[in-house]
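Asker: Supplied in structure tokens, the structure appears directly below.
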Amino acid sequence: MHFDTVLVEFEGVLVATAPARRAALQRALADDGLTLSDAEFDRRCLGFPPREAVLAATGLRKVKFDETAIDLAALRAERYFAEDIAKGVSLAPGAREFVADAATHAPLGIVTRASRREVDFVLGLAGLEASFDVIVTRDDVRTGKPSPEGYERALQKLVQRRRPSRPTTSVALEDAPPGVLAARAVKIPVIAVGSMPTTHAGDADAHVPSLVGVTYDAVGDLLSRAVTR
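Heads up: take any position in the sequence shown, counting from 1, add 2, and you land on this note's numbering.
Here it is as structure tokens:
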């Protein structure tokens, strides 16, 4: 199966950020006297931007924060995360090889819950800035995943750059339920990458444990098999 665009989530697919995100949110909530276990983060907060993750966590604890408290907790989580990745962050296993291969076959883009500063910082360190035709971060949208706005904006930008792409001939690689739902909302086929609860992984068209050994052709094969199931 041929795809004219490959769109990937930056966090969790290209870069192993989940432990740092989890620790940052736990630390930010602890400042307000709230605890959040690793399992609770993975079940309720994984894949959401900081503010939405704070809302999910407080909802889990049935604690009501006012808007100012929510914003402050989200800002602390972002600051703690930035402090952590400044010490060093690694590309996910297989990510560099996947990007190098996929970029030779189709326009490659990022649609992410991360900030522009975070994406630019890591791509600069990895020397991958030139690999992507379009990058849409949380700074570029009004509503984050599971809203489809990021994917819609990415497709629009590709048209403006004379790299027209249609949802049904694109493919998304996502690491968390909100991203899977966002891509599916605009009818983009989705491959779930990494560990994800079975109920949510089932919402994707296919699943791989990591990008190790995954190529552009392998993505097409996975989705071809999904269509014929």
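Every residue, glycine too, gets a C-beta built ideally from N, C-alpha and C.
1. Would Ala-116 and Arg-140 qualify as a contact pair, given that the criterion is a beta-carbon distance under 8 Å?
2. Using CA atoms only, rank isn't needed, just tell me which of Ala-97, Asp-177, Ser-212 and Ser-167 is closest to Ile-190.
3. Taking all protein chains shown into account, decide if Gly-126 is buried (16 or more other Cβ within 10 angstroms of its Cβ) or exposed.
4. Is the CB-CB distance between Ser-212 and Ala-58 below 8 Å?
5. Do Phe-12 and Thr-145 have their C-beta atoms closer together than 8 Å?
6. DSSP three-state label for Val-101, please.
7. Whole beta strand (DSSP E) runs in the segment 153-228 with 3 or more residues, listed along the chain?
8. For Glu-54 and Glu-151, what's the separation of their Cα atoms in angstroms?
9. What does the alpha-carbon distance come out to for the pair Ala-185 and Val-216?
10. Counting Cβ pairs closer than 8 Å, one from the segment 120-134 and one from the segment 24-31, do we hit at least three?
11. Anyone know if the C-beta pair for Lys-147 and Gly-14 falls short of 8 Å?
12. Please state whether the Cβ-Cβ distance between Ala-75 and Phe-67 is less than 8 Å.
13. Using 8 Å as the cut-off, can you tell me whether the segment 77-94 makes contact with the segment 16-26, which would need three or more C-beta pairs spanning the two stretches below that distance?
14. What does a CB cutoff of less than 6 Å around Asp-207 pick up in its chain, not counting 5 residues either side in sequence?
15. State the Cα-Cα distance for the pair Ala-79 and Thr-171, rounded to the nearest angstrom.
Answerer: Short version:
1. Numbered from 1 along the sequence shown, position 114 holds the residue referred to as residue 116. Numbered from 1 along the sequence shown, position 138 holds the residue referred to as residue 140. Taking 8 Å as the Cβ cut-off, Ala-116 and Arg-140 qualify as a contacting pair.
2. In the sequence shown, residue 190 corresponds to position 188, counting from 1. Residue Ser-167 is the option with its Cα nearest to Ile-190.
3. Against the sequence shown, residue 126 aligns to sequence position 124. Result: exposed.
4. As a working mapping, residue 212 is identified with position 210 in the sequence shown. As a working mapping, residue 58 is identified with position 56 in the sequence shown. Cβ atoms of Ser-212 and Ala-58: not closer than 8 Å.
5. As a first step, residue 12 must be located in the sequence shown, where it is residue number 10. As a first step, residue 145 must be located in the sequence shown, where it is residue number 143. Contact: no.
6. Working through the sequence shown from its first residue, we reach residue 101 at position 99. When secondary structure is reduced to three states using DSSP, Val-101 falls in the helix class.
7. 172-176, 192-195 and 208-210
8. In the sequence shown, the residue the question calls residue 54 occupies position 52. In the sequence shown, the residue the question calls residue 151 occupies position 149. So the alpha carbons of these two residues sit roughly 16 Å apart.
9. In the sequence shown, the residue the question calls residue 185 occupies position 183. In the sequence shown, the residue the question calls residue 216 occupies position 214. One C-alpha to the other measures close to 20 Å.
10. no
11. As a first step, residue 147 is located in the sequence shown; it is residue number 145 there, counting from the start. As a first step, residue 14 is located in the sequence shown; it is residue number 12 there, counting from the start. No.
12. Taking the sequence shown and counting its residues from 1, one reaches residue 75 at position 73. Taking the sequence shown and counting its residues from 1, one reaches residue 67 at position 65. Closer than 8 Å, so yes.
13. Yes, since at least three Cβ pairs between the segment 77-94 and the segment 16-26 fall closer than 8 Å, the two stretches touch.
14. Position 205 of the sequence shown, counted from the first residue, corresponds to residue 207. Pro-191, Val-192, Leu-225 and Ala-228, listed in sequence order.
15. Your numbering for residue 79 matches position 77 in the sequence shown. Your numbering for residue 171 matches position 169 in the sequence shown. Roughly 36 Å between the two C-alpha positions.
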